[in-house]
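K.L.:
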Amino acid sequence: MSVTLRISGMHCAGCVSSVEQALRAVPGVREVSVQLLTESADVRGDLPPERSSQLVAAVRAAGYEAQLLTSPSAATQALVNDSAARERLRRHRQALVQAIGLTLPILFLEHFHHAMWPDTRISQMLFRFTEGVLMVMLMVSPAGAPILASGLRAAWQHTGSMDLLITLGVLAAATGSVYGSLVNDAAYIHFHAAAMILALVCTGRYLEQRARDRAAAAIASLAQRAPRTALVRRGAALVSVSVEEITVGDAVSVPAHTAIPTDGEVIEGEAAVDESLMTGEPMPVSKRPGSTVLGGTLVTEGMILYRATSVGRASAIGRILELVTKAQSGKTPMQRAADRIAAVFTPLVLAAAALTFIGWWAWGGSASMAARSAIAVMVVACPCALGLATPVVVMVASGTAALRGILVRDASMLEAMGGIDTVVWDKTGTLTQGAPEVEAFEAIGGFPASEVLRLAASVEQLSTHPLAQALVRHARRGGVSLASPSTFESRPGQGVRASVEGREVCVGSAAFLAECGVSGSSPEPSSAEAPKAVGPRVFIALDGKPAGLVSFRDTVRPSSASAVARLRSRGIAQEMLTGDEASTARSVADAVGIERVSSAISPAGKQARVEELVRSGRRVAMVGDGVNDAAALASATVGVAFAGGADVTGESAGIHLIGSTPHLVADAVDLARVARRVIRQNLFWAFVYNALMIPFAATGRLPPAAAAAAMAASSLTVVLNALRLPRAVGWRRAEAAAGIRSEESA
Numbered sequence: 014m015s016v017t018l019r020i021s022g023m024h025c026a027g028c029v030s031s032v033e034q035a036l037r038a039v040p041g042v043r044e045v046s047v048q049l050l051t052e053s054a055d056v057r058g059d060l061p062p063e064r065s066s067q068l069v070a071a072v073r074a075a076g077y078e079a080q081l082l083t084s085p086s087a088a089t090q091a092l093v094n095d096s097a098a099r100e101r102l103r104r105h106r107q108a109l110v111q112a113i114g115l116t117l118p119i120l121f122l123e124h125f126h127h128a129m130w131p132d133t134r135i136s137q138m139l140f141r142f143t144e145g146v147l148m149v150m151l152m153v154s155p156a157g158a159p160i161l162a163s164g165l166r167a168a169w170q171h172t173g174s175m176d177l178l179i180t181l182g183v184l185a186a187a188t189g190s191v192y193g194s195l196v197n198d199a200a201y202i203h204f205h206a207a208a209m210i211l212a213l214v215c216t217g218r219y220l221e222q223r224a225r226d227r228a229a230a231a232i233a234s235l236a237q238r239a240p241r242t243a244l245v246r247r248g249a250a251l252v253s254v255s256v257e258e259i260t261v262g263d264a265v266s267v268p269a270h271t272a273i274p275t276d277g278e279v280i281e282g283e284a285a286v287d288e289s290l291m292t293g294e295p296m297p298v299s300k301r302p303g304s305t306v307l308g309g310t311l312v313t314e315g316m317i318l319y320r321a322t323s324v325g326r327a328s329a330i331g332r333i334l335e336l337v338t339k340a341q342s343g344k345t346p347m348q349r350a351a352d353r354i355a356a357v358f359t360p361l362v363l364a365a366a367a368l369t370f371i372g373w374w375a376w377g378g379s380a381s382m383a384a385r386s387a388i389a390v391m392v393v394a395c396p397c398a399l400g401l402a403t404p405v406v407v408m409v410a411s412g413t414a415a416l417r418g419i420l421v422r423d424a425s426m427l428e429a430m431g432g433i434d435t436v437v438w439d440k441t442g443t444l445t446q447g448a449p450e451v452e453a454f455e456a457i458g459g460f461p462a463s464e465v466l467r468l469a470a471s472v473e474q475l476s477t478h479p480l481a482q483a484l485v486r487h488a489r490r491g492g493v494s495l496a497s498p499s500t501f502e503s504r505p506g507q508g509v510r511a512s513v514e515g516r517e518v519c520v521g522s523a524a525f526l527a528e529c530g531v532s533g534s535s536p537e538p539s540s541a542e543a544p545k546a547v548g549p550r551v552f553i554a555l556d557g558k559p560a561g562l563v564s565f566r567d568t569v570r571p572s573s574a575s576a577v578a579r580l581r582s583r584g585i586a587q588e589m590l591t592g593d594e595a596s597t598a599r600s601v602a603d604a605v606g607i608e609r610v611s612s613a614i615s616p617a618g619k620q621a622r623v624e625e626l627v628r629s630g631r632r633v634a635m636v637g638d639g640v641n642d643a644a645a646l647a648s649a650t651v652g653v654a655f656a657g658g659a660d661v662t663g664e665s666a667g668i669h670l671i672g673s674t675p676h677l678v679a680d681a682v683d684l685a686r687v688a689r690r691v692i693r694q695n696l697f698w699a700f701v702y703n704a705l706m707i708p709f710a711a712t713g714r715l716p717p718a719a720a721a722a723a724m725a726a727s728s729l730t731v732v733l734n735a736l737r738l739p740r741a742v743g744w745r746r747a748e749a750a751a752g753i754r755s756e757e758s759a
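Shown next, in the form of structure tokens:
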């Protein structure tokens, strides 16, 4: 069972580590993933309903606020909610204004008090007392109190966090200033430094929040595809209700220029619906009574009344949001490594600060200089940059990808896709259109053509294979009445065998018919294939004798060749797997520019080939349509599946592509490579920053106020670096905003 919590009060990787430790201590918890950027925790294990309250209590005991959410996507919805985002930004702005409002008078007094008061003991005491009062006001204000309270809780609970380091720095500077005021020693007085630390931290968090909101913009755009209210028929009237109140069976009215809130079936009216987000279809699709509609699609013309069939998390838009959220709640291997370092970061910084103080004191430095240097060490250290380095990139990348029609199931898949060096294509539905039609039907051996077609289609109606469905459509268009088989056996990728009206019917490849004991040779097609036509053939046998041959046509996608060339230009090796015979496979491979081909291969053979490549050290992306290649998808380094918006929940694929162009595979590789590079840049910056700035602060050459400015800038830098990811990929903004490219624009 999985439970999702909304966590408030986290600011750095140390906070994440504290929350994870608290949740893991709850009985029954097996796996915990806490995300700083989405402010959420995904907890898995033996978690009965009553255990949820224990999880919330554990988080609160660790010093953070927790709220139980109904689903993982609720965390994303909360993150991108307009009012919630405005409230978060308002709080940070209020804290910043108060911090500046109280820090400026302290700075003014520090630098201009000589011009205001005579240099007497009483005036000095009055001046220091005024500074102290202003400092206390700052510490108890909304600018300082949350930071100091969080830091003190961390100290009480023996957990490390950025707030603990800031709190110790501020309290040390303020305490030293009080001591210096009492003994009249200006060397110890750093009220202005303590105030500057809080003011700069507030400035950094305000700017960081704005940057985070920008990072969430792509996710917000996706979430806002679903409306928040809908018109539902209640009796004879239409009533506006929250989308959460819609239940299965409700009649929902959708006028023009309005998004459809849930999945359903049209019962009245006609409309043109933009389904590009869900299916990749660039042109509006006509909907009339009996048509299926998907949540998150847009009515561009007309009006419909439909009956809700799937709502909430079960709807198409709900599943997509769930998938995007799942990607953000997971952690890449690089992030897990950074989290392990962050867990011991604060104790190491405290040790460095203590050694700095002792070193200065032992080598004859003044106590004030020792304290000043130790404070700078604590303040300049930034576990926040470590905590944000990876998740902010994952958020930007997964959101940008979702608008492009690339749905990443797990953050680790994003990192893995960036290292792919081999792409294996399953031909049907990826390089080809995946919608075969019967090109020619021949009866042989003296069997009547109508009888052979009727019996073969009767068997194939129980199969989900695209060729089987094409044969059934062909028969029904000819007015053929189908019978019901009494027995049925299916061999994935090979064929089917059944008993129909007392006759044994086998339909499949020549090899499959041979296994069925069919005698005689297989006929050759009587007509030549058209250029670029993909012509798989299916053989039919009745009562152990060859009875017919069906030739199919499945056209190569217009963009397949350019997509293959694009991947080749990136140094990626490619090969194609197909269950079709060699001549058919070779014609497709030549048309798209792939040299290595494995034909007449079963689903198990596809899996074996992928496993062989992985064992040889290749990092393989297996691209398929999920019909008979699930095992191969699961065996690859990354499984990539083409799927409509209503079918994005398969666990065998790590990445789902919504659309019809193979260019989405190259898009996914480009995005993943840039994301991996940006993550490495962020982690490099976070480590190098701390490795350089902490020793520099220990030299005494970095004032505490400057240390606070550097700390704030470091975390802001990693966020801003992540925000440039869409531009770094090179996608045009207009294309990304529109969503998925069509075959024509590929």
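Each residue of the sequence shown is one higher than the last, beginning at 14 in my numbering. Cβ coordinates follow ideal geometry from the N, Cα and C atoms, glycine included. Predicted, not measured: the structure shown is a model, and the values here were computed from it.
(1) For Ser728, which of Gln170, Ser154, Leu670, Met175 has the nearest alpha-carbon?
(2) What does Glu314 pair with, by DSSP beta-bridge criteria?
(3) With DSSP collapsed to three states, give me the class of His487.
(4) Please report whether the beta-carbon of Leu715 lies at a distance below 7 Å from any beta-carbon of chain B.
(5) Look at the alpha carbon of Pro675 and the alpha carbon of Ser471, and state the distance between them as a whole number of angstroms.
(6) Would you check if the distance between the CB atom of Ile707 and the CB atom of Val390 is smaller than 7 Å?
(7) Over the uninterrupted alpha helix (DSSP H) stretch that includes Thr188, give me the two end residues.
(8) Restricting to Cα atoms, I'd like to know which of Glu428, Thr568, Thr445, Ile553 is closest to Arg686.
(9) If you reduce the DSSP assignment to three classes, tell me which class Met23 lands in.
(10) Using the DSSP secondary-structure output, state which residues sit across from Trp438 in a beta bridge.
(11) Leaving out five residues before and five after Glu144 in sequence, what residues of the same chain have Cβ atoms less than 6 Å from its Cβ?
(12) Classify Leu715 as helix, strand or coil using the three-state DSSP reduction.
(13) Rounded to whole angstroms, what is the Cα-Cα separation between Asp638 and Thr441?
(14) What is the rounded straight-line gap between the Cα of Gly530 and the Cα of Pro479?
(15) From which residue to which residue does the alpha helix (DSSP H) around Val153 run?
(16) Taking Arg570 and Thr445 to be in contact with their CB atoms under 8 Å, please state how far apart those CB atoms are, rounded to whole angstroms.
(17) Let me know if Ala212 comes out buried or exposed under the rule of 16 or more other beta-carbons within 10 Å of its beta-carbon.
(18) Looking at the strands, I want to know which residues DSSP matches up with Glu44.
(19) Here's a check: name, in chain order, each residue in its chain whose Cβ is nearer than 7 Å to the Cβ of Arg583, leaving out the five neighbours to either side.
(20) Looking only at its own chain, which residues have a Cβ that is under 8 Å from the Cβ of Arg693, when we skip the five neighbours before and after it?
(21) Check the C-beta distance from Val245 over to Asp263 and give it rounded, since I have them as a contact under 8 Å.
(22) Is Leu736 near the ligand MG, going by C-beta to nearest heavy atom under 6 Å?
(23) Taking DSSP as the reference, what is the three-state secondary structure of Asp642?
(24) At what residues does the beta strand (DSSP E) containing Arg566 begin and finish?
(25) Between Leu684 and Thr413, which are expected to be in contact by the criterion C-beta below 8 Å, what is the C-beta distance as a whole number of angstroms?
(26) To the nearest angstrom, how far is it from the Cα of Asn703 to the Cα of Cys215?
(27) Are the beta-carbon atoms belonging to Thr313 and Glu278 less than 7 Å from one another?
(28) Assuming Arg43 and Gln80 make a contact with CB atoms under 8 Å, what is their CB distance in whole Å?
(29) Excluding five sequence neighbours on each side, which residues of the same chain lie with their C-beta closer than 7 Å to the C-beta of Leu466?
(30) Rounded to the nearest angstrom, what separates Ala54 and Ala35 at their Cα positions?
(31) Expressed to the nearest angstrom, what Euclidean distance is found between the alpha-carbon atoms of Glu258 and Leu646?
(32) Can you tell me whether Thr116 is helix, strand or coil according to DSSP?
(33) Could you check which residue in Leu468, Val405, Ile210 has the C-alpha nearest to that of Pro716?
(34) Can you round the beta-carbon distance between Thr345 and Val407 to whole angstroms, since I take them to be within the 8 Å contact cut?
(35) Tell me the rounded alpha-carbon separation between Val405 and Glu63.
(36) What's the C-alpha gap between Val520 and Met589?
P.N.:
From the atom records:
(1) Met175
(2) Ala285
(3) helix
(4) Among the chains in the structure shown there is no chain B, since it carries only a single protein chain.
(5) 34 Å
(6) yes
(7) 175–196
(8) When the alpha-carbon of Arg686 is set against those of Glu428, Thr568, Thr445, Ile553, the nearest one is in Glu428.
(9) coil
(10) Met589, Val636
(11) Ile119, Leu122, Phe204
(12) coil
(13) Roughly 8 Å separates the two Cα atoms.
(14) 25 Å
(15) Residues 134–153.
(16) 6 Å
(17) buried
(18) Arg57
(19) Val682
(20) Met347
(21) That belief holds up - the Cβ atoms of Val245 and Asp263 are roughly 5 Å apart, short of 8 Å.
(22) Here there are no bound small molecules, and the ligand MG is not part of this structure.
(23) coil
(24) 558–566
(25) 7 Å
(26) 20 Å
(27) no
(28) Between Gln80 and Arg43 the Cβ distance is about 22 Å, and since that is not below 8 Å, they are no contact.
(29) By the criterion of a C-beta distance shorter than 7 Å, Leu466 is surrounded in its chain by Phe454, Ala488, Val493, once the five residues flanking it on both sides are discounted.
(30) Rounded to the nearest angstrom, the two C-alpha atoms are 11 Å apart.
(31) Straight-line Cα distance between these residues: approximately 38 Å.
(32) helix
(33) Ile210
(34) 7 Å
(35) Cα-Cα distance, rounded: 33 Å.
(36) 25 Å
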